[in-house]
Amino acid sequence: MHRIGVFVCHCGSNIAATVDVERVSNALAHEPGVVHSVNYQYMCSENGQQLIKNAIKEHNLSGIVVCSCSPRMHEATFRKTAEAAGLNPYMVEIANIREQCSWIHKDVEEATEKAIVLARTAVAKLTLNKPLVAGETGVTKRALVIGGGIAGIQAALDIADAGYEVDIVEKNPTIGGRMAQLDKTFPTLDCSACILTPKMVDCAQHEKINIYSYSEVDKVKGFVGNFKVTIKKKARYVDETKCTGCGVCMTNCPSKKGLNSFNMDLNTRPAIYIPFAQAIPNVAVIDPEQCIKLKSGKCGLCSMKCGANAIDYKQQDSFVEREYGAIVVATGFKPISLENFNEYGYADNKDVITSLELERLMNAAGPSKGTLVRPSDGEHPHVITFIQCVGSRDVSGCGKPYCSKICCMYTAKHAMLIREKYPDTQVNVFYIDVRTPGKNYDEFYRRAVEQYGVNYIKGMVGKVYNENGKLMVQGSNLIDNEQVTIASDLVVLATAIEPDPSVKDLATKLTISIDTNNFLTEAHAKLKPVECATAGVYLAGVCQGPKDIPETVAQASAAASKVIGLLAKDKLKGNPCVAHANEMTCTGCSQCAEVCPYGAITYENKEFRIGGGKTEKRRVASVNPAVCQGCGACTVTCPSGAMDLHGFSSAQILKEVEAICKR
Amino acid sequence: MKKISLANLNELYSAISANYPLYLPVERAGEVNYGYYEEGAKVRLDVLKTVKSPKDCFFPQTEDLMKFKVEGQKIEIIDVREHAKPFVVMGVRACDFKAFDVLDRVFLVDPLDTYYQTKREAGIVITHACGKVEESCFCKTFGIDPVNPLGDVTVWTDSENLYWRANTEKGEALTKELGDLLVEYQGNAVEEQQAKVNEIYAKLPLASLTTESFKNGDMMELFNSDKWQKLSEACLGCGTCTFVCPTCQCFDIREFVTNSGVTRFRCWDSCMFNDFTKTAGGQPRTTQMQRYRQRFMHKLVYFPQNNEGAYSCVGCGRCVKKCPQGLNIVKVIKEFGGKQDA
Amino acid sequence: MQGLEKLMLEKANALLQSGEVDRVIGWKKGESYYDVSPATFTKDNLEGFVYNCFCGANLSKYLVAESKKEGKMLVFLKPCDTYSFNQLLSEHRIEKEKFYVVGVGCNGHLDMNKVYAQGVEGILSMSEDENNLIVETVYGQKIVEKESALLIKCLTCKSKEFAVADETLVVGEMKPANPNRFEEVEKLESMTEAERYAFWKEQLSKCIRCNACRNACPACTCINCVFDNNASGISAKANADEFEEKLFHIIRAYHVAGRCTDCGECSRVCPQNIPLHLINRKVIKDINENYGDYQAGAEVNARNPLVNYTKADVEAKEVVEGGNK
Amino acid sequence: MNNDMQLKSLIEMSATDVRKCMKCGKCSGRCPAFKEMDIKPHQFVTLLGQGKVEKLLASKAIWNCLSCLACVERCPRGVAPANVIEAVRTTVARMQGGDGITAEEIPAEVNEMIPQQLLVSAFRKYKK
Amino acid sequence: MQEIEKNQKKPLIVAFCCNWCSYAGADLAGSSRLSYPAEVKIIKVPCSCRVNPIFILKAFQRGADGVILCGCHPGDCHYSEGNYRTRRRMGLLFSMLNYFGIEKERTRIEWVSAAEGAKFSAVMNDFAKTINELGENRRLEDLRCKD
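Residue numbers (my numbering), protein chains in the order written: chain L, 3 to 665; chain G, 101 to 442; chain S, 4 to 328; chain P, 3 to 130; chain U, 2 to 148.
Put into structure tokens, the structure is as follows:
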């Protein structure tokens with residue numbers, strides 16, 4: 003039997019001036035189930051709350067309805083009040099008679115009538131409320147960072163510094179990512195390696211950080227606080243624990259024709275290699291496609307020369323299963339393929355290069371040891387032309403519709419560096435717009451123009467063609483309304499960037515959503531920029547959208563702080579207003595799982611009694627309350643009505659409808 | 101005997117409906133069911149089998165039983181039984197008329213169903229002899245004479261006239277009220293038609309259908325027969341057969357919350373439904389086979405055992421025509437009658 | 004049809020004998036030519052196996068229960084029934100391994116009501132050839148052209164493709180599907196609101212809530228339908244008010260929206276001949292026009308439009324105004 | 003026809019959304035006839051966007067355009083400047099009446115290497 | 002007299018508002034003192050995608066003359082995609098209701114953000130006006146409820 007108490011608040015005159023609160027409390031006193039109904043000046047005040055607590059004890063109330071301001075204001079307050087008096091906090095309903103009644107109506111009669119209806123509706127709902135207890139789950143105090151670029155490194159270091167274990171999974175043989183390939187960084191022109199490699203070393207030496215290099219995420223199970231991840235360690239044919247990184251194997255390897263991907267394929271490397279000098283882990287890896295021993299069984303030189311006896315041609319892919327409380331996705335980017343942009347002659351001319359290739363050409367550790375030379379003939383280029391927005395802001399279907407964000411700045415950087423190092427070089431930049439928001443960014447760009455005399459031409463390039471060994475860059479100069487053709491020695495394309503392709507597969511494994519450009523979608527564009535809709539998964543770096551290094555680091559630290567906040571908890575208290583399936587009526591049709599944005603629904607085959615002493619196995623849905631966020635999408639999709647939502651059950655809402663329509 | 105030309109039937113309907121609500125076969129949206137006569141209604145007296153039987157007029161598909169008026173914490177109980185005004189049901193075929201007898205055996209014995217009783221007493225029944233028979237008809241199996249039904253008034257129709265014979269005081273009174281509309285008739289059109297119908301009935305495939313095997317059969321043996329499984333396997337568990345049946349009388353009592361209280365009403369239930377007689381403790385019949393068996397055991401075995409051998413099937417053939425999957429009582433009767441159980 | 008019946012019987016026999024299947028679901032002869040019933044057969048017990056122009060039922064419905072039994076079953080499916088089979092697979096209601104699907108060619112099945120409507124009375128026996136139904140009656144022989152007595156669902160046949168079949172049995176050419184199956188829906192859409200209201204009010208007033216439409220529907224496979232479940236808030240055993248007539252049919256159509264294959268069983272089984280398929284077909288038309296063409300059951304595990312969305316979906320208002328006048 | 007109607011007709015005939023243009027000048031950067039044109043390809047797009055019908059109709063460049071569609075092919079925004087030029091050209095041609103050259107007047111010895119498209123567009127472009 | 006009053010009664014409008022945007026939008030309308038008719042009564046749901054067609058039909062059965070769903074703007078759903086689902090489901094439901102002859106103006110979806118108090122009020126005023134002009138819901142009512 004219900005023993006409901008109704009408490010009508012005056013809110014000073016906010017409610018009482020338009021709603022006859024006395025009439026409301028009297029009318030409600032006669033409602034079936036109501037045993038106590040009063041009104042008071044300020045229910046949310048200490049005295050008001052005490053009045054409620056006393057009434058709960060005195061009248062042994064089973065639930066309370068507070069007719070007051072919006073539940074968004076004081077629902078939490080009154081739930082605490084109820085709890086303090088020994089009532090389940092979910093046995094509280096609020097009738098919003100201020101924002102949705104007294105404040106918008108002038109006529110006392112009308113407002114009072116409406117207030118009574120709203121109060122009755124709340125009572126009607128309350129009669130079907132059930133005490134709810136938020137479920138609790140433990141938290142595995144370890145985080146997984148997927149991707150070992152600057153985003154992953156920063157996130158891992160921040161989390162580890164807070165005292166939690168972190169695993170980094172990096173698909174390449176070394177961490178470092180794209181930033182390791184860069185020469186200098188804008189807007190300060192620091193050497194990229196100088197600021198990155200110490201962080202890489204920190205990672206390697208941090209007692210809380212464990213790096214799974216040359217590894218990939220294979221399977222993800224579980225939910226926030228309790229992920230179970232299977233990591234695939236690809237065979238590198240070198241025992242990581244033994245290899246000292248001395249490099250003897252590299253010098254002795256007879257198969258030296260492999261393209262050096264770290265150097266953007268601009269030069270070659272041996273079949274056994276360490277990607278670059280400061281690689282972390284500083285351990286060799288064998289490219290099985292290139293290794294003579296692995297392909298034909300002959301050779302074995304590296305094994306013979308290895309003093310540490312680290313070479314293991316029989317190594318296989320291996321799998322480890324680890325548990326994590328949180329996951330940071332930091333899978334980074336790659337430049338887009340230029341196959342749709344024949345007009346720039348990238349495929350046909352060695353001297354048409356991408357900006358990332360230029361980074362390697364200018365890098366002291368690069369293929370030309372830092373001397374800028376033309377890839378075709380090793381000559382010093384005298385006229386260099388940059389083309390911006392190659393594949394960015396392109397809705398024609400050939401490129402990407404978005405702005406890649408970093409190109410304006412790095413092109414200015416390149417132009418400036420070249421002019422500084424080789425003052426005899428003429429540098430031209432074709433641009434559509436120069437976009438330089440950011441601290442000291444526009445100043446940086448202006449320096450390129452004003453101090454270094456870089457020739458910025460507003461207009462886009464129509465085509466690049468080779469004429470007598472010169473690259474003819476034909477484009478518009480919109481300011482002069484002219485078509486110009488610049489004979490250049492080197493053409494640099496500011497190629498658009500896109501999320502690393504591995505992210506698509508990963509998104510499916512993590513049940514996180516992906517936009518039309520394959521960027522991962524954050525939970526809220528403004529207020530939850532590093533969270534995913536799937537609880538416990540966070541985003542850092544370009545996998546979420548184009549960004550430069552400072553932004554990436556900031557986001558990585560933000561994601562890390564979210565992870566730390568999560569791992570700091572011993573128990574995760576769930577929202578008890580979650581979905582639940584009635585196994586007796588569930589048919590296992592799987593429609594609910596299809597609409598669940600959180601992947602909270604799974605299916606299992608369960609045995610049920612069907613009468614006559616018989617049983618049958620049936621597929622039924624099961625909701626993980628720790629993952630469910632309580633949107634209710636599944637409840638409407640379920641044709642049999644087996645799926646319902648605590649706190650907003652179908653019966654409760656129908657009862658509200660009934661009560662509202664009663665007149 | 102009196103008669104009226106078919107051309108003047110609308111006048112007859114108007115005259116009757118002037119004094120009584122008149123309930124008769126009416127075509128609506130392409131189907132013929134019993135409905136109230138009103139100006140412009142498409143009366144289809146010629147149709148042999150209405151989709152639903154006329155049992156609705158005494159035992160409607162839904163019927164309010166009582167109301168509870170709730171005000172605050174006060175509850176008032178309201179009796180909704182009205183003093184029933186006389187009404188006329190016209191066009192009732194012999195089989196359907198016999199079905200009233202079956203319903204009477206259920207509702208008019210202790211405990212008396214006063215809702216049914218009130219309507220039954222207020223109803224004036226005009227039966228309509230069959231001028232043709234269909235291959236799905238088997239009323240004679242249950243001793244019903246399709247060409248000579250009773251009721252308060254019996255009518256016959258041929259291609260020209262409607263012939264009218266009052267059988268009871270109620271019928272005589274109604275005849276008198278109609279005055280000159282009906283004229284005296286002395287010919288033998290009725291007898292000729294009767295003979296012809298009987299002759300055709302004899303030729304139809306179900307003419308020789310008999311229920312003898314059920315009369316003498318052992319109830320437990322019939323119940324435990326393994327034939328039921330095969331007979332019922334296509335049954336979808338819908339209620340078509342029970343809802344078009346003129347004798348099915350099961351109902352459920354339910355409540356509806358109105359704006360001022362609660363209305364308690366009853367509505368037809370079907371033993372074919374999987375929640376039939378479901379209670380907190382469970383269900384007596386959990387499989388469709390059991391439900392299927394119940395329906396026919398009831399009609400052909402249990403009911404006769406409790407009612408001096410009267411079957412609760414009248415051979416109207418509606419289930420034969422309407423079962424979506426071609427199941428029907430004829431198949432059951434033949435299965436148990438045609439071959440002796442081993 | 005006799006040719007096909009012979010092939011089917013041979014196939015059933017062969018598969019039962021070889022042990023490939025343990026059971027067969029097909030049709031069993033009735034008391035008369037037209038009251039054939041779906042039935043299961045086992046090895047050495049194929050007596051009464053029949054296939055004629057009245058075998059219009061969709062056998063897929065029975066497979067939910069059959070799938071729970073031991074052993075493998077041979078099922079004969081017409082092209083339209085194969086879509087239901089796939090849909091049931093998608094919804095995990097049946098297991099493919101439990102069935103050997105033989106697709107049978109189809110040129111439409113007959114509606115006995117339409118035979119009666121042609122003045123056929125006092126039927127003694129029937130037979131058929133390719134184009135005609137030959138009826139012996141007490142009044143003499145009557146010939147009914149099959150084309151004139153097709154079930155509504157066959158008149159508006161959606162497809163002659165087998166969406167799934169381990170093998171097919173087709174005798175002669177199948178007539179093409181009807182490309183204009185939405186015509187009747189369009190006719191209703193072109194009416195005014197008041198006319199449509201009157202149309203459905205009259206049609207649905209006939210509904211006796213026998214649940215035949217629901218129970219025959221291969222998409223309605225809930226263990227406990229919301230209309231039978233007192234906890235749902237809408238359970239009812241009769242249409243106590245005009246509102247409930249509409250409620251039942253709206254919710255019924257809505258619950259199978261995106262899952263309905265347009266097999267037409269709802270209309271076929273309705274004892275009051277309410278054109279129930281026009282409700283489901285309206286939903287299909289709306290889906291096709293607003294969210295892209297979709298045929299439920301054409302592919303296993305295709306994503307039902309009702310559990311899908313695109314960010315560019317039209318607003319609800321446009322869906323309403325797009326079709327209806 | 004007044005200015006507004008002419009503008010409407012030009013927009014319709016162009017069948018391209020000039021508002022999509024982000025003014026990058028790629029069209030003009032590609033155009034092989036750029037130097038001969040008084041109004042440049044990108045300007046056709048801009049002028050139509052600004053509704054400057056008179057300026058468009060007075061353009062001589064419409065007779066320089068080769069209809070090679072270089073400008074259309076790689077516009078990053080999917081705008082078709084050649085469509086605008088074609089629309090202006092057709093409008094001007096219609097205003098002039100039907101005195102263009104006809105297929106019969108093409109000498110038999112025309113080089114087979116000349117693209118068909120060029121020939122067909124020539125019928126519209128050149129007056130007798 | 003009572004009979005006449007009954008016939009002239011004001012229409013009843015049920016508004017389902019999602020907790021995150023529209024309910025907050027309604028609150029903002031309230032704190033901005035932007036009035037809308039008292040006939041509008043709000044039911045809070047976690048997300049517009051929680052609204053089952055049964056709720057809407059039930060509202061009409063019990064005597065509502067109009068039903069309106071309010072949710073976050075597409076793309077802004079707290080649960081990221083709930084309102085997209087609502088849009089599809091309700092598109093089909095409303096179309097079906099109209100196919101049955103129920104006046105299309107009786108059902109509506111509006112996207113109202115937590116900042117759009119003014120829009121909430123304007124929408125409700127407009128919807129109430131539309132329903133007022135349409136008059137009582139006769140085509141989807143349950144006469145028993147009037148008892």
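Ideal placement from N, C-alpha and C gives every residue a C-beta, glycine not left out.
Assumed close pair C255(L), A237(L) - CB separation to whole angstroms, cut-off 8 Å: Not confirmed; about 17 Å, so no contact.
Spatial distance of W65(P) from K10(P) (CA atoms): The alpha-carbon atoms of W65(P) and K10(P) are separated by roughly 22 Å.
D169(S) beta carbon less than 8 Å from that of V105(S): yes
Boundaries of the beta strand (DSSP E) in which E658(L) is found, first to last residue: Not the beta strand (DSSP E): E658(L) falls in the alpha helix (DSSP H), residues 652 to 663.
P305(G) beta carbon less than 8 Å from that of S153(G): no
I211(S) vs Q161(G) beta-carbon contact at 8 Å: Cβ distance < 8 Å, so I211(S) and Q161(G) count as in contact.
CB-CB length for K55(L) against A86(L), believed under 8 Å: 6 Å
Cβ separation of E172(L) and I213(L), assumed to be a contact under 8 Å, to the nearest whole Å: 7 Å
Cβ-based neighbour list, A450(L), same chain, cut-off 7 Å, excluding 5 preceding and 5 following: Residues A414, A417, M418, V456 of the same chain have their beta carbon placed closer than 7 Å to that of A450(L), with the five preceding and five following residues left out of the count.
Interface partners of N626(L) on chain P, CB under 9 Å: Near N626(L) there are no residues of chain P at all, since even the closest Cβ is about 45 Å away, more than 9 Å.
Heavy atom of the ligand MG within 7 Å of I116(G) beta-carbon: Ligands in the displayed structure: none, and consequently the ligand MG is not present.
Where H183(G) falls, given that 16 or more other Cβ within 10 Å makes a residue buried: exposed
Limits of the alpha helix (DSSP H) - the one that P83(P) falls within: 83 to 98
Outcome for E209(L) when other beta-carbon atoms lying within 10 angstroms are tallied against a minimum of 16: exposed
Partners in chain U for K167(G), counting only beta-carbon separations shorter than 9 Å: D148
Close Cβ partners of A661(L) (< 8 Å) along its chain, the five nearest in sequence each way excluded: V119, R122, T123, V125, A126, K127
CB contact check: D28(U) to chain L, cutoff 8 Å: Judged by the 8 Å Cβ criterion, D28(U) is in contact with chain L.
Contacts around C371(G), its chain only, beta-carbon distance under 7 Å, and the 5 residues preceding and following it disregarded: Closer than 7 Å at the Cβ level, and outside the excluded window around C371(G), lie T342, C350, R391, Q394, R395.
DSSP state of L336(G) mapped onto helix, strand, coil: coil
Neighbourhood of K105(U) by C-beta distance below 6 Å, restricted to the same chain and skipping five residues each side: N99
Residue range of the unbroken alpha helix (DSSP H) whose run includes C11(L): Careful: C11(L) lies outside any alpha helix (DSSP H), inside the beta strand (DSSP E) at 6 to 11.
Min CB distance K295(L) to chain U below 8 Å: no
Whole runs of the beta strand (DSSP E) within the segment 196 to 223 of chain L, excluding any shorter than 3 residues: The segment 196 to 223 of chain L contains, as complete beta strand (DSSP E) runs of 3+ residues, the segments 211 to 214 (chain order).
Local Cβ density within 10 Å of R88(U), reported as buried at 16 or more and exposed below that: buried
For R611(L), the three-state DSSP class (helix, strand or coil): In the three-state reduction of the DSSP assignment, R611(L) falls in the strand class, which pools E and B.
Strand pairing of I224(G), partner residues [DSSP]: V188(G)
Helix, strand or coil at D18(P) according to DSSP, with G and I counted as helix: Sequence check: residue 18(P) is Thr here, not Asp. In this structure, T18(P) counts as coil in the three-state DSSP scheme.
Cβ shell of S87(S) (< 7 Å), same chain only, five flanking positions each side left out: N61, S63, P221, T264, C266, G300
Proximity test, Cβ basis, 8 Å: G437(G) and chain L: For G437(G), the nearest beta carbon of chain L is not closer than 8 Å to its own beta carbon.
Residue-level contact to chain G via CB, E33(L), 8 Å cutoff: yes
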